[in-house]
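Note sheet for the following structure.
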Amino acid sequence: MAIMNVLAELHQEPELKLNLKFEIEVLCKNLSIDVSDLKPAIYLKDPERAINIEYQLSQPSKPKEIGPINSGGSGVLANLPTSEELTATPSTSNITSASPSIEAAAMMLNPPEPRYNVMDINVTSIATIAHQIVYNPNIGLFMSHPQLKAVVRSAIERTINEWISPVVDRSVKIALKTSEQIVRKDFALEPDENRLRSAAHNIVRNLAAGMAMITCRDQLLQNLQNNIKTLFQATLNPAQKEIIEAAANQIASDNTELACVFIQKTAMEKAVLEMDKVLTPDYEARKQARQEGRRFYEGTVLAYQNERLPETIRLKVGNVGSPQLSVYEEFARNIPGFQPMLDRDPVAFMPKLPNFFQDPISAPMPPMAAVTPFNTVPSTMQPYDEISVIYDEIAAKMETFMNAAINMQQLQLHLGNINLLFEYLMNARRTRDNTTGMILLKKTVESLMEGLINIPDCVEQIKLYRDIHLRILRLLQDNRSFGSSWTNKAIAKLMIECREENRYNIDAIDLLISSNFVNLPTYDQMLAAVIDSGNNYMAITLAMKLIQMYFIDERPEHNVTENDFLTTIDMLVRLAAHPRAPEGLSHLIDMLRSNQDPSSILVDRALSGPTSYIHSGMLQARTTDVVDTDGFAEKTEHLFRHWVYTYHNEMNGRDPVKYFGSFVNRMNFLGVLKGDEQLTKFFTIATKMCIEASYRNLADTTITQAIAKTKTYHWIDAYVRLIALLVRHSGDGSNSNTKLNLLNKVLGIVVGILLQDQEQLHGANFQQFGYQRIFIMLFLELSAHDAILENISVGVVTAFCHTYHMLRPANAPGFCYAWLELISNRVFLGRILAMIPQQKGWFMYSQLLIDLFKYLAPFLRNAELAKPVTVLYKGTLRVLLVLLHDFPEFLCDYHFGFCDVIPPNCIQMRNLILSAYPRNMRLPDPFTPNLKVSTLADITTPPRICTNYTAAIQPASFKKDLDSYLKQRAPVTFFAELKRNLQISNEPGSRYNIPLMNALVLYVGTQAIAHIRLKNQVPSKQTVASSAHMDIFQNLAVDSDNEGRYLFLNAIANQLRYPNSHTHYFSCTLLYLFHETNSEAIQEQITRVLLERLIVNRPHPWGLLITFIELIKNPEYEFWKHDFVHCAPEIEKLFESVARSCMVKTNNQQQPQNVENPELTELN
């Protein structure tokens, strides 16, 4: 019963969790005991029993262990400053003074058990504590508002930033003065500077941590509570005051210790650095005495000790005794506010600003430091300290790499670099001066830029090669070397000044930037200068790739902002406006404007232009709740309802301008047109009213879906008409910017509400038709035949293109069906592809199709499609059919970019694109007997390709070697480099870089055509042979595995289109490879690539047909004698069936544009 009585005592606790109380009650019920009959004992709260309990996790600090200090040889406690002296020390007014005496700290009763180990806290950046923040699962706000976790993190960081500077300064000042006096007294006769340094570090670290803890802990709790409350109230409904306050108190209670230990650890690290500066003369004096061969001691201290102190407590010349050193070891082991350290190794307590021994990529960088000379300590007095340990560790890794690479042919370049780098490293270690340090830095950057390349067979060695260089750079960043500020600027300069063949290594540049080794403003200025106003194509390509990588592609982990590349972006914007701008640059700038993170407060940094209003409108709609401070929301709702009534009743059949003018006057009277904020609120409220009407009508079970939609259109059509009138009449007739800015703002507001609706409000119950109606009706209104609207038609189409790109299926999957209908609307298609002069809308529309293909690609790789994906896929095929019929030139120009993102198994979709040919061309009948392709009129004309495929041939060194091989068939190592660059992983199905393969094939082919024309020849089986271009193709066909060869042959087949020079050359190339190879497997795979594109339903590309017909008809290829043709009866029948359809001339020529709505099937 004694145990039950203890449980009864626990049951009476008022704050005990209900589930524990319930378990006690269930236990009593099972034992047939009434809880009220038990006699609770005072056992759990008995302090005498608590003292006798054996500690199972960590031992508390025992005050009696401090006693020996007072009776030891040096009497350190007698020299501690008094509480009054410490209180009198100048400090920030917000900090409460506290006595740092060790006795007071030792007398603290029942201190809370520390949660953190000193080595768990990383102070190189305040962001490193994010993963250690405690989010109590019992706080319901985190479940309903998960974004509050970011708010909590912001509050903790703000609290730390408010307190860290004054607390650290005061704590370090007091701890430094106290520790300096103590260690100089205790170690006055100690000859070993390393023992002095270790003891000084231990005591100053302990005192600084203790001072910081007692100074700020209570104030941190209160300040953190206030910050969390303030941020929660700004984010949540103010009516939830009690919930917010309770949550803030709990969160602050859970995380105050984390904030405190971060400040303590910062104070500890700073105190150690300051202590080393103060004791530098002491270290040097001991080193000097040892070099001169004399015994070190301070004469005045020795005389004082002999005259004034008794023998038992007098200091002796020589090493300090173990009893006294144990006191300092205790300082290191039990640091206030942290868990006791069990490891006595002093290396664990060395300052680690940066931590060189963690992973060089994930390791956070130290804060920027002032530039300090490399040889702060004279070279003749360099101690064997932690810097020496780092040199040894790097040297050991270099030896490991050299031993591994010595017999690997692919790594000879890297081996030479490491050998040379090893010499520079050892030289820098011996001298430790500025000259050798700078030479080491320069060689490290050059070696990394040259050697960081993809070698699939040497992944581990390349990783070690990378780590060696990053560790050297981190060593040079140390405050005891050059410091991070100067080093980062030097690295940025060296990246630009290195050899040109290495300067554009995008992988090395990305590694250095993402590892925080580059001063980005310096690199930005130098890169913009290298671009040379557009004269340096390689530099422009590099800049475009960096912009694409950091600001357009999905890279959530990087911390680069547009401000870091402001000069480069400005240069690219000016180049994009030039008539001869590099291909793709204008689209990149538009993408940069449209790819701002809608949840970021930095959206206002979007590039200038009308489309920047989309971002501001989207941000305001997503992040700002309409607060009805003076009844504005109510006035807006009444005003909008009045407009809807007027539009459907009084304006019916009458002049709308008259009523619109009076309505604008009413808007102005109510303050709607007073400023941007009021107008934004009006459109936000009106949009939400329309969308709420759609949800309300759809949820009404008493009416049909058709009636529900009609009632919704009643609101939306009136709203769209109002927007169109406001756009038309805003500004004066000649100023189109005002009209477009207003349109972009409204579109941004609708986009913001849509994304918020899908992500946060309705989720799986999201309804898209209301938004679709707004977009389609607004576009139709603004596309009406009107002189004013015609002047802004290009801007209107551009605005809608940017809007649809931001709502692409990857961003708004719930809107994908409506999105597909919007981009395939006949009016929109006509405007963007036919009515915009000089085909300026084609690139924008190609990007929308690429957005669609990229979203579908992961689903299309599966053999079976889910029903929702099947619907979207069929809709995509219908869009391609419309484009094939009405805008075939568009598909011709952008076929390469589309085939890059369409999965290889989507044969039918690719055939639709490749079957397009210009409308002014009449295709020769591919079934004509003895058709001479080389005599066709169009066969020598190169096709127009609007995709910058050469930009995909990376890195720059590979492109340079490729051009060199095509001209001179050198270097001899090119084919090994070719395989390394094409193969990016060892995982089946994703081994190869498909965009690079496609670009390589097309680039080599175009160069081969130019080479043949220089000889006044035309492509044939004889002219394509025996050239550097064919060497590359044969190497890809022979040396690649099945997957690589299939992708290579597909890349060739993608160029078999309508009659042009590319079709002719690649047809001859494919036939030559079939004829010349000795491998039946290669011939079978060539046949497979052609056959699988022919057995699907029409249309079939013209070039594909003539190539296959030539293959099966010409006896030179002996097609029907190969074993794979007769390997199975069904396969043989298939070949015969295809051959009959190809060999017999039909009355219906293969004219893809005459094919209307064929039954399309996909061979997966």
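For the sequence shown, the residue numbers in UniProt numbering are 1 to 1164.
Idealized CB from N, CA, C, for every residue including glycine.
Only a predicted model underlies this, so the values are computations on that prediction, with no experimental measurement involved.
Cβ separation of residue i and residue j, assumed to be a contact under 8 Å, to the nearest whole Å
i      : j      : result
Pro995 : Ala952 : 5 Å
Ala492 : Asn536 : That pair is no contact at about 18 Å.
Glu25  : Val35  : 6 Å
Leu44  : Met4   : At roughly 14 Å, the Cβ-Cβ gap does not stay under 8 Å, so Leu44 and Met4 are not in contact.
Leu891 : Leu883 : 6 Å
Straight-line Cα distance separating residue j from residue i
i            : j       : result
Thr568       : Ser179  : 51 Å
Lys352       : Phe482  : For Lys352, the predicted model reports a pLDDT of 37, less than 50, meaning its position is unreliable and no value from the coordinates is stated.
residue 1228 : Leu789  : Here the chain comprises residues numbered 1 to 1164, so residue 1228 is not present and cannot be evaluated.
Val445       : Arg290  : 39 Å
Ile1131      : Asn1035 : 29 Å
Trp163       : Met591  : 41 Å
Asn791       : Val750  : 24 Å
Glu692       : Leu566  : 42 Å
Asn502       : Met449  : 6 Å
Pro988       : Tyr855  : 22 Å
Glu637       : Asn249  : 39 Å
Ile1009      : Pro1019 : 7 Å
Met921       : Glu889  : 11 Å
Ile174       : Leu207  : 8 Å
Leu1056      : Ile913  : 11 Å
Gly584       : Gln839  : 14 Å
Continuous alpha helix (DSSP H) stretch holding residue i: start and end
i       : result
Asn791  : 787-791
Ile156  : 148-186
Glu113  : Counting along the chain, Glu113 falls outside any alpha helix (DSSP H), and DSSP gives it neither H nor E.
Asp467  : 459-477
Gln233  : 193-235
Leu962  : 956-968
Arg294  : Where Arg294 is concerned, there is no enclosing alpha helix (DSSP H), given that its DSSP letter is neither H nor E.
Val827  : 826-830
Phe422  : 412-431
Ile1112 : 1102-1113
C-beta contact flag for residue i and residue j at 8 Å
i       : j       : result
Asp997  : Phe958  : The sequence as given places Met at residue 997; Asp does not occur at that position. Cβ atoms of Met997 and Phe958: not closer than 8 Å.
Leu1111 : Phe1074 : yes
Tyr647  : Arg721  : yes
Leu224  : Thr256  : yes
Asp507  : Leu452  : yes
Phe828  : Leu754  : no
Ile182  : Ile203  : yes
Gln410  : Ala976  : yes
Gln767  : Leu698  : yes
Ala259  : Val172  : no
Leu747  : Ala799  : yes
Tyr1003 : Tyr1072 : no
Glu298  : Ala188  : yes
Phe1108 : Leu1090 : yes
Leu470  : Ser514  : no
Leu833  : Tyr817  : no
Neighbourhood of residue i by C-beta distance below 6 Å, restricted to the same chain and skipping five residues each side
i       : result
Pro942  : Ser1061
Lys397  : Ile468
Tyr771  : Leu754
Ser379  : With a pLDDT of only 35 at Ser379, under 50, the local geometry of the prediction cannot be trusted, and the value read off the model is given with reservation. The answer, listed in chain order, is Thr431, Arg432.
Gly1044 : Tyr992
Leu860  : Pro903, Cys906
Residues of its chain near residue i, where Cβ-Cβ distance is below 7 Å and the 5 sequence neighbours each way are ignored
i      : result
Asn911 : Arg1093, Val1096, Pro1099, His1100, Pro1101
His414 : Ala405, Gly451, Tyr465
Lys21  : His11
Ile716 : Cys690, Gly770, Arg773, Ile774, Met777
Neighbourhood of residue i by C-beta distance below 8 Å, restricted to the same chain and skipping five residues each side
i      : result
His762 : Tyr695
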